[in-house]
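Down below is the structure, laid out as structure tokens.
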Amino acid sequence: MSKLTQQAALGMHRAMCRIRYFEEAAAAKYKEGELPGFIHLSIGQEACAVGVCATLTPEDYITSTHRGHGHCLAKGGDAKRMMAELFAKEAGYSQGRGGSMHIADVAVGMLGANGIVGQSMPLGVGAALTAQVKGSGAVAVAFFGEGASGAGVAHEAMNMASLWRLPLVFFCEANRYAELTPYETHVPLANVADRAPAYDMPGVTIDGGDVVAVFETMEEAVARARAGHGPSLIEAKTYRWHGHYEGDPQKYKPEGETEKEKARDPIMRFEALLRESFGVAAAGLEAAHAEEKSAIEAAVAFAEQAVDPTPDGLTANVYA
Ligand SMILES: Cc1ncc(C[n+]2csc(CCOP(=O)(O)OP(=O)(O)O)c2C)c(N)n1
Ligand SMILES: [Mg+2]
61 MSKLTQQAAL
71 GMHRAMCRIR
81 YFEEAAAAKY
91 KEGELPGFIH
101 LSIGQEACAV
111 GVCATLTPED
121 YITSTHRGHG
131 HCLAKGGDAK
141 RMMAELFAKE
151 AGYSQGRGGS
161 MHIADVAVGM
171 LGANGIVGQS
181 MPLGVGAALT
191 AQVKGSGAVA
201 VAFFGEGASG
211 AGVAHEAMNM
221 ASLWRLPLVF
231 FCEANRYAEL
241 TPYETHVPLA
251 NVADRAPAYD
261 MPGVTIDGGD
271 VVAVFETMEE
281 AVARARAGHG
291 PSLIEAKTYR
301 WHGHYEGDPQ
311 KYKPEGETEK
321 EKARDPIMRF
331 EALLRESFGV
341 AAAGLEAAHA
351 EEKSAIEAAV
361 AFAEQAVDPT
371 PDGLTANVYA
């Protein structure tokens, strides 16, 4: 396992800030009524997206979920085109036709957000099979939630990936809730990763708020996948600070739970490590925050000024 360099660590810190500012801006604009449709935010879960994608090359693939902004940004997606998509503008990734849950950037290996719970997993199988057949050396990571882990298709995907020894990592962001449903009311096991032995693959449960733990665990799983030894199942225990969707009154959360989690902010925890173990000056971290914040402000301005789709484009890219 390679040691995390200061340069890589700083890049990861920036990516976490970028996701946080992107989603905070999206939340604010949603509240103002500027974004049509639903948005699902991953604020509090940034260490997962970033720790995973920091182990991948641009040629590697990820498949994402309905909560996919962080995944896309961490894989190298463009904040301006993403924000424009949220604003339903022509300059968006799907020309404003898809919104938050239909953002993909194949050029950076981001094969798509996905509104169909569980489907990131068979799509990950397909991407990994492509890499195996082509002998390209690429790996795929399928992000999914603990809610998705009970879907039939999740088990079909893990079964097939193991059988064919595909270069794939199943990465579960176990954020305690599936919509309004708490973990223990729909998963019989303490950990989603405990299912891994049934598929003859390694399974590990980690602290999803610790970006270095995510990175190091992923490095091992990616190395295993690249070496042709097959898939792994990683479960990161994490927490979403916001509701399932923006506007969710969150009545199902016990009082004080979100505040308790906010005190363990993954960005603050990483910053403490960067100062103490990597010798990074506080001023450097503040500068990173300022730059990422202003890049997101630029993305919002870009999206606000972008043009709306026009009615004559209604049937473009419609095939049936
Ligand atoms: C096939 C399917 N069934 C149900 C839904 C409705 N739905 C949207 S999100 C969600 C819960 C997903 O929970 P989880 O996998 O834990 O992801 P999280 O929202 O916590 O990130 C459900 C049931 C859906 N979108 N697709
Ligand atoms: Mg969940």
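Numbers in this note's numbering are just positions in the sequence shown, counted from 1, shifted up by 60. The beta carbon of each residue, even a glycine, is placed where N, CA and C say it ideally should be.
- By the criterion of a C-beta distance shorter than 7 Å, Trp301 is surrounded in its chain by Ile103, Gly104, Thr318, Glu321, Lys322, once the five residues flanking it on both sides are discounted.
- Just so you know, the alpha carbons of Gly159 and Tyr312 end up roughly 27 Å apart.
- Your pair Ala253 and Leu223 does not check out as a contact, with CB atoms roughly 19 Å apart and the cut at 8 Å.
- Within the model, the alpha-carbon separation for Thr117 versus Ser196 is close to 12 Å.
- Looking at the DSSP output, Cys232 sits in a beta bridge with Phe204, Glu295.
- Only residues of its own chain outside the window of five on either side were considered, and among them none has a CB closer than 6 Å to the CB of Asp270.
- In this structure, the alpha-carbon of Gly111 lies about 10 Å from that of Ala75.
- Between Thr298 and Cys113, the beta carbon gap of about 15 Å keeps them out of contact (Cβ cut-off 8 Å).
- At a cut-off of 7 Å, the beta-carbon of Gly205 counts as near ligand 1: some heavy atom of the ligand is closer than that.
- Gly263 carries a strand assignment under DSSP once its states are collapsed to helix, strand and coil.
- Between Phe338 and Gln155 a beta carbon distance of about 42 Å is seen, past the 8 Å cut, so the two are scored as non-contacting.
- A direct Cα-Cα distance of roughly 47 Å separates Gly373 from His289.
- For Ala296 and Ile79, the gap between their C-alpha atoms comes out near 18 Å.
- Between Ala366 and Phe147, the C-beta spacing is below 8 Å.
- Cα atoms of Asn219 and Gly137: separation of roughly 30 Å, rounded to the nearest angstrom.
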